[in-house]
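Asks:
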Amino acid sequence: MSDYKKNSESQVVEKAVWSEEKKDAVNEEINRMNNLPSNSTYATHRLRVLNKILQLLSIQRTTSQDEELELLFSGLHI
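Here it is as structure tokens:
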């Protein structure tokens, strides 16, 4: 097997692991937000953002979309 193919396969695996770790973190944050008062505008907005992130994590993304998603995560501090 060529080095290129090995690198490509390892990148796919790393991307899948990263995605699963992020899904777990988002789900934990959703649970935390659900414990806040239902009339909290902060919680409502954050839940919308978190649900959008879950949606983005579930689709196939380009490299640039992955980079944007990483920036979004760093902005949320989760």
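Residue numbers for the sequence shown follow our numbering, beginning at 475 and rising by one. We treat Cβ as the ideally placed atom computed from N, Cα and C, and that holds for glycine. Since this is a predicted model, take the numbers as computed values, not measurements.
(1) From which residue to which residue does the alpha helix (DSSP H) around T515 run?
(2) The alpha helix (DSSP H) that contains L546, what's its start and end?
(3) Below 8 Å, can you find three or more Cβ-Cβ pairs linking the segment 487 to 501 to the segment 538 to 552?
(4) So, helix, strand or coil for N508, using DSSP?
(5) In angstroms with no decimal places, state the Cα-to-Cα distance between S514 and L545.
Replies: Taking the coordinates as given:
(1) T515 -> alpha helix (DSSP H) spans T515 to S532.
(2) T537 to L550
(3) Three or more Cβ pairs drawn from the segment 487 to 501 and the segment 538 to 552 lie within less than 8 Å of each other, which places the two stretches in contact.
(4) Looking at N508 - three-state DSSP - the assignment turns out to be helix.
(5) 25 Å
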